[in-house]
Each structure stands twice: as C-alpha cells, then as structure tokens.
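Student:
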Amino acid sequence: MQPEIYLYNTLTRRKERFEPRRPGEVSIYVCGVTPYDDAHIGHARPAVFFDVVRKFLRAAGYRVTFVQNFTDVDDKIIARARERGMDPLELARRYSQSYLEDMDRLGVERADIYPRVSEHIDDIIRMIQGLIEKGAAYASEGSVFFSVESFPGYGKLSNQRVDELVAGARVEVDPGKRAHLDFALWKAAKPGEPAWDSPWGPGRPGWHIECSAMSLKYLGNSFDIHGGGLDLVFPHHENEIAQSEAYTGEAPFVRYWLHNGLVTLGDEKMSKSLGNFVTVQEVLKEHHPAFVRYAVLQHHYRSPMEFGGEQLETMKRGWLRLNRTYQQLAGAAPAAGVDEARKAGAPEELLHAVQRTRERFFAAMADDFNTAAALASLFELLREVRPLLGQSPDDGAKAALGAARAVLEELGAGILGVLTLDPLDPAGDTGGRSDELVRELVNLIVEIRSEARAARDFARADRIRDALQRLGIVLEDRPDGTRWSFKE
RNA sequence: GGCGGCAUAGCCAAGCGGCUAAGGCGGAGGUCUGCAAAACCUCUAUUCCCCAGUUCGAAUCUGGGUGCCGCCUCCA
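Residue 27 is where the first sequence starts when you use the numbering used here, and the numbers rise one by one after that.
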C-alpha cells in the first residue's frame, strides 16, 4: 500500500506531492539536541512526531533511513561543564544518554545513526576546506567564515532578503568577519576550551556546519526530508542550505523541509533559555508515555501546542476511554485479519467499518501527516465496536471484534503508539500516596459496606461511600463487586 | 522594521473551492443501577475574527484590517 503522500514544504510554502529521490526509499535527517540538560517536552514533540512519520512511511511501503545528530560540541555544553567542573564531552555523553533513555520511554524508535560532532571533525574540516577552495568561505584570525554574499540563493528557505536581514541584525560584530551575515564554520580556540587541530590552527566547528557535513555523509547530496523545530528555520537551516549547496554544487540539498510547531507553556515558547520548561522525566512521573504521545499527536504538527495542566487532564479522559476500549477488545477476541474474520462469519457492516478506518487513517496521514484526523478515525471505529462489547458476542461478532482489534494494534499501537495494554487504573492504585496498611484498611471498610448493601442497609452504605469520598477515595459498584481508587 | 505562522462551538482540535463543518472533552436527555459511579445510546456550530472582492458556489482563493504566537541572538 503506497498512497500518494502530500506534505508541506517550508521551502516552497506549499503542500507538495512527495516523491522521494529513489522510489521506495526515504532518507530523513532530523536535527537533534544539544545535550547539556534534561530533555523537555519541546524536544519530545519532534521526536514523537518524526517517529510517527517514520513508522507511517514504513507502513506505506517505504524503506526509511533515519539520521539524528547530537551537537556535542557547543558553547553551552562548555559553559555548563565549566560550572560543574566536568569534561565537556563527558557532560554531553551523559545528557545524550539520558535523552535516548527518555525517548525510549516515550516509545520513540532509535534512529539508524546518531552522528556526533566530536566524531566527525575530519569530515567537517574537509568540507570547510572545500568551501574555501570554492571561494565560499575565508579564513580569518584562526577562524573560518562562510561568505553569505557568495551564495546567491541565501534567504530562500526563510524567505528573507539579505538587505533586510542586515538592517535588523542583532548580531555582534565579529572583528574577523567581512560581512555582517557571515557565520562561523570554524571557531578559533579560546584558552581552556576543547579544541582540535586544523589547517587554521586549533579550534572547533561552528554550529551549522555539522549538520551539513553529517547529513551529506550519511544520506548523500540531495536527500529527502530534513526536519526540525520551526525555530531552526533561520538561521540554522538557511545556513545549512548555503553551505551544502555551495559545497556540492547541487541543489536541492534537501527535497522537503518539515518543521514542527513549538510547544508553549502559558502561551510562551517553552525553552531552556527562558527557563519555562517541563522535562520529559517530570511529565512521565504523572502521565503514561502513550498519553504523552496522544497529547502531541492530537495537534497537527505545524500548529503550536500548549502544554498546560488542565488541558492535559481533559485530554486524558478521551485517551483513557480509547485505551479502555482497546483493552476490552484485546480481552474479548484474538486479532484477526478482515478476510479471516469474514470467513468466521463476521457481520459485513462491521468489517466495512474496520476497512473504512484503515482507509481514513492512511488518507489522513498521507495528507501532510494529519495525526489529529488519524486519531479521529480510531474514535469512529470505537463507536461502531463499543455496543458489541457490552453484550456477550456470538462467533461472528467476536471475529469482527478481532478484526477491529487488529487494526487498532496496527494503527493506534504500531504507528501512533498511543494505545497500550498496560494497566491504566488498577483497583487500589495508590498513586504513590499510600502503603499496605491504608490499602488493607480501605479494603476492610469496603467489605463491611458490601455487607451493609447485601442487607439492603443503603443508608449506612451511602454514608460510608460519602465519607470515603471526602477522604479522596472513590467507589464504584460493579456487577462483579466494588472497586475503589484514589481520586485523581 | 523585515519574514513566517495561527484565528473554526463552553474548551481542545481537523477541514485547504462544492456531499449533512471530522474527532475528543464538557453539557443535556436516556439505558443500566437500591441510589451513585463507570459503561453504553441519542442530541449538542444555518456557521467558521472583521470588512470588501473573485466565483454558479468560500471556513477554504484575493485585497485590506484586528488580535495572538514565533523567527531575525542560543534554541526542537
């Protein structure tokens, strides 16, 4: 199944038909993190989104190569390491490891390659040399700068005019630069900083060059998708284009530029420099990873996403319902293909619903990765299926439930990763607020109340329930007995 | 100052020229229940920030406003 895929290309500011460089193969490079602190939700969003992109493309029949870098040589890493009296590379190693672990917990599949700047100094130096030879860069006082003037297409990604940029520039004037907009490819070492030998003396790579050098190395001169946050469009990606195309002499460097919207907190961009961030680890203390994915995918990837507490709680109800139904389904029937279910006598109407779900899901995803619409298709299937779950289904209905289960597994669990079979609200979940003694006491009280109910002493039963409610304990009387849990 | 993006029901959120404006939350009514809760069913925008225009037809295109957000300095 290889549907026609359309995606919004930042370069052209239009939705375009997706045609990879080589049929059936997709090469993706996503800008990774500068590991000097814990990952926050603003990092989780692109990670989850591009994880879904990758899984969807694979489901659509493409072979996907996925590269994500670590910028492990950087001013902020050096500064942080100095504060802590640590080796910068060691600090970067530690935080890149914790980044990977956080993303693992979010169900993000590992990239095929995680190139690091520190391991590609030679490639970077070679590229800088090439740029100097081509007249696109110049050495100055131990540093090397890219000459923006030498690249006529500068500004095409961010739609900026060079003269306007100069007018609004807030960049400090670097004495070694010939022109305002020129940017560093190689920075001369300052005392006490990590440095590598180069033809221009000891130093380290500038910020933008690494992504060019490493993406070209692993994916070739014109790869398919380059992703990252909207805040990277300028100058980072603009500069990447200039360096790469000047170096290879080939355009386009990247066929499709995809940029995800930013995560906001209180309508302000979440970022480390503003200090208003929520780390992935903090979020995962309170929320299931599959729910975090759900919250991300509930928004279209290009829209801004507010990550506020109350909104999450209301979103969670929907997610819980989706998952409860999925879990009931998993308990009710073995997964089955549609054809298989048809042979087992499943009602045609339900099988159509299952197939329609799949079609809608793929159509939504093929339309610029519309994950919100894709999720809606799952809810629509649930509506068809739920009435059957209340009753004891006959064999045909059971087969249909199996088909529904299979499609949810494929789409909701496999591609989106928003469904889980983990227990969601096990009876007696203490939420970390209680110990064995409290649990036993509540069990005892509930037991006594059940005896009162059996004796039809409802006044007493209600009094117990009300009293427990005031203590933050919620009771549910079900056909199979009373269940209790702490109030959220 | 320049460049982008966004504005759709009480809230979140799809929709990108034409079937009844997805879906979720909430709300209302109902089934079930000793009563609740949970679950399930039904209903819940004659209308898409404002004003002009293009078109047989616009939430969707064009022009002009208004309001938010982002980028132009490190940032996913």
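We treat Cβ as the ideally placed atom computed from N, Cα and C, and that holds for glycine.
(1) Rounded to the nearest angstrom, what separates G457 and E466 at their Cα positions?
(2) Exposed or buried, what is P46 when buried is set at 16 or more other beta-carbons lying within 10 Å of its beta-carbon?
(3) Note the first and the last residue of the continuous beta strand (DSSP E) segment covering G287.
(4) Quick one: is the Cβ of G232 within less than 7 Å of any heavy atom of the ligand NAP?
(5) Using 8 Å for Cβ pairs, my map puts E264 next to L183. What's the rounded Cβ distance?
(6) For V380 versus L407, is the C-beta distance shorter than 8 Å?
(7) Can you tell me the Cα-Cα spacing of A429 and E435, whole angstroms?
(8) From R343 to G87, what does the alpha carbon distance come to, in whole angstroms?
(9) With distances taken between CB atoms, is the gap from V468 to I499 smaller than 8 Å?
(10) If you draw a straight line from the C-alpha of L494 to the C-alpha of R475, how long is it?
(11) Assuming contact is defined by CB atoms lying nearer than 8 Å, are K81 and G440 in contact in what I supplied?
(12) Can you list, in chain order, the residues of its chain whose CB lies under 6 Å from that of Y244, leaving out five sequence neighbours each side?
(13) Starting from E502, trace the alpha helix (DSSP H) both ways and give me its first and last residue.
(14) Might you give, ordered along the chain, the residues of its own chain that have their beta carbon closer than 6 Å to the beta carbon of R319, omitting 5 neighbours on each side?
(15) Okay, do the segment 159-172 and the segment 221-229 touch, 3+ Cβ pairs below 8 Å being the bar?
(16) As an exercise, report each continuous beta strand (DSSP E) stretch of at least 3 residues that is fully enclosed by the segment 285-351, in chain order.
(17) Starting from G68, trace the alpha helix (DSSP H) in both directions and tell me its first and last residue.
(18) Enumerate in chain order the residues of its own chain whose CB-to-CB distance from M391 is below 6 Å, with the five nearest sequence positions on each side excluded.
(19) Quick check on the DSSP output: the beta strand (DSSP E) that includes A439 runs from which residue to which?
(20) Quick check: what's the CA-CA separation for N349 versus F76?
(21) Which residues in the same chain as A105 place their Cβ atom closer than 6 Å to its Cβ, once the five residues preceding and following it in sequence are excluded?
(22) Based on DSSP bridge pairs, tell me the residues matched to K41.
(23) How would you label N95, buried or exposed, when you count the other beta carbons within 10 angstroms and need 16 or more for buried?
(24) Which residue spans inside the segment 469-495 form an unbroken alpha helix (DSSP H) run of at least 4?
(25) Can you tell me which of R382, G422 and A425 puts its alpha carbon nearest to the alpha carbon of R409?
(26) With a floor of 3 residues, list each beta strand (DSSP E) that falls wholly inside the segment 165-246, ordered by position along the chain.
(27) Return the CA-CA distance between L323 and I103, expressed in angstroms with no decimal places.
(28) Please state whether DSSP places V433 in a helix, a strand or coil.
(29) Is it buried or exposed for T36, if we count other Cβ within 10 angstroms and need 16 for buried?
(30) Using 8 Å for Cβ pairs, my map puts F209 next to P261. What's the rounded Cβ distance?
(31) Would you report the Cα separation of K203 and S173, rounded to the nearest angstrom?
(32) What span of residues does the beta strand (DSSP E) with T446 cover, start to end?
(33) Report yes or no: do three or more beta-carbon pairs, one from the segment 296-308 and one from the segment 59-69, lie closer than 8 Å?
(34) Is the CB-CB distance between A239 and H146 below 8 Å?
(35) For K213, count neighbouring Cβ atoms within 10 angstroms of its own Cβ and tell me buried if that reaches 16, exposed if not.
(36) Looking at the secondary structure, which residues open and close the beta strand (DSSP E) in which I251 lies?
Tutor: On the basis of the coordinates in this document:
(1) Here residue 457 refers to the residue found at position 431 of the first sequence. Here residue 466 refers to the residue found at position 440 of the first sequence. Residue placement at G457 cannot be trusted, given a pLDDT of 43 that sits under 50; what the coordinates show is reported in the next sentence. Taking the straight line joining both Cα atoms gives about 15 Å.
(2) In the first sequence, counting from the first residue as 1, residue 46 sits at position 20. Result: buried.
(3) On the first sequence, position 261 is the one that residue 287 refers to. Per DSSP, G287 belongs to no beta strand (DSSP E) and is neither H nor E.
(4) Only the bare structure without any ligand can be found here, which leaves the ligand NAP out of the picture.
(5) One-based indexing of the first sequence puts residue 264 at position 238. One-based indexing of the first sequence puts residue 183 at position 157. Correct: roughly 5 Å between the Cβ atoms.
(6) Residue numbering aside, residue 380 sits at position 354 when the first sequence is read from its first letter. Residue numbering aside, residue 407 sits at position 381 when the first sequence is read from its first letter. Their beta carbons are under 8 Å apart, which means V380 touches L407 by this criterion.
(7) The residue you call residue 429 lines up with position 403 of the first sequence. The residue you call residue 435 lines up with position 409 of the first sequence. Spanning the two alpha carbons is a distance of roughly 10 Å.
(8) Walking along the first sequence from the start, residue 343 turns up at place 317. Walking along the first sequence from the start, residue 87 turns up at place 61. Spanning the two alpha carbons is a distance of roughly 34 Å.
(9) Taking the first sequence and counting its residues from 1, the one referred to as residue 468 is at position 442. Taking the first sequence and counting its residues from 1, the one referred to as residue 499 is at position 473. Result yes, Cβ atoms of V468 and I499 sit closer than 8 Å.
(10) What you label residue 494 is simply residue 468 of the first sequence in a count that begins at 1. What you label residue 475 is simply residue 449 of the first sequence in a count that begins at 1. Going from the Cα of L494 to the Cα of R475 covers about 11 Å.
(11) For the purposes of this step, residue 81 is taken as residue 55 along the first sequence, with counting starting at 1. For the purposes of this step, residue 440 is taken as residue 414 along the first sequence, with counting starting at 1. The answer is yes: Cβ separation under 8 Å.
(12) As a working note, residue 244 is residue 218 in the first sequence. Answer for Y244: V93 and I139, listed in chain order.
(13) To locate residue 502, count along the first sequence from 1; it is residue 476. Careful: E502 lies outside any alpha helix (DSSP H), inside the beta strand (DSSP E) at I499 to R504.
(14) Taking the first residue of the first sequence as 1, we reach residue 319 at position 293. If we look at R319 and ignore the five residues flanking it on each side, its Cβ neighbours are V74, G443 and V444.
(15) yes
(16) 289-291
(17) By one-based count along the first sequence, residue 68 stands at place 42. Segment I67 to A85, the alpha helix (DSSP H) holding G68.
(18) Start at 1 with the first residue of the first sequence, and residue 391 comes out as number 365. Excluding sequence neighbours, M391 sits near F82 and A400.
(19) Mapped onto the first sequence, residue 439 falls at position 413. From DSSP, A439 is part of no beta strand (DSSP E); its letter is neither H nor E.
(20) Translated into the one-based positions of the first sequence, residue 349 becomes position 323. Translated into the one-based positions of the first sequence, residue 76 becomes position 50. Their Cα atoms are separated by approximately 23 Å.
(21) Residue 105 sits at position 79 when you count from the first residue of the first sequence. Correct list: empty, nothing qualifies.
(22) Within the first sequence, the letter at position 15 stands for residue 41. Answer by DSSP bridge pairing, in chain order: Y34.
(23) Mapped onto the first sequence, residue 95 falls at position 69. The residue is buried, with at least 16 neighbouring Cβ atoms inside 10 Å.
(24) none
(25) For this step, residue 409 is matched to residue 383 along the first sequence. Ranking the options by Cα distance to R409, first place goes to R382.
(26) 169-172, 209-214 and 229-231
(27) To locate residue 323, count along the first sequence from 1; it is residue 297. To locate residue 103, count along the first sequence from 1; it is residue 77. Answer to the nearest angstrom: the Cα atoms are 31 Å apart.
(28) In the first sequence, the residue the question calls residue 433 occupies position 407. It is helical.
(29) Looking up residue 36 in the first sequence gives position 10. Label assigned to T36: buried.
(30) Here residue 209 corresponds to residue number 183 of the first sequence, with the count starting at 1. Here residue 261 corresponds to residue number 235 of the first sequence, with the count starting at 1. About 7 Å; that satisfies the 8 Å criterion.
(31) Working through the first sequence from its first residue, we reach residue 203 at position 177. Working through the first sequence from its first residue, we reach residue 173 at position 147. When rounded, the distance between both Cα atoms is 9 Å.
(32) By one-based count along the first sequence, residue 446 stands at place 420. No beta strand (DSSP E) holds T446; DSSP gives it neither H nor E.
(33) yes
(34) Residue mapping note: residue 239 aligns to position 213 of the first sequence, counting from 1. Residue mapping note: residue 146 aligns to position 120 of the first sequence, counting from 1. Yes, they are a contact pair.
(35) Locating residue 213 in the first sequence gives position 187, counting from the first residue. Result: buried.
(36) Numbered from 1 along the first sequence, position 225 holds the residue referred to as residue 251. Looking at the DSSP string, the run of the beta strand (DSSP E) that includes I251 is F249 to G255.
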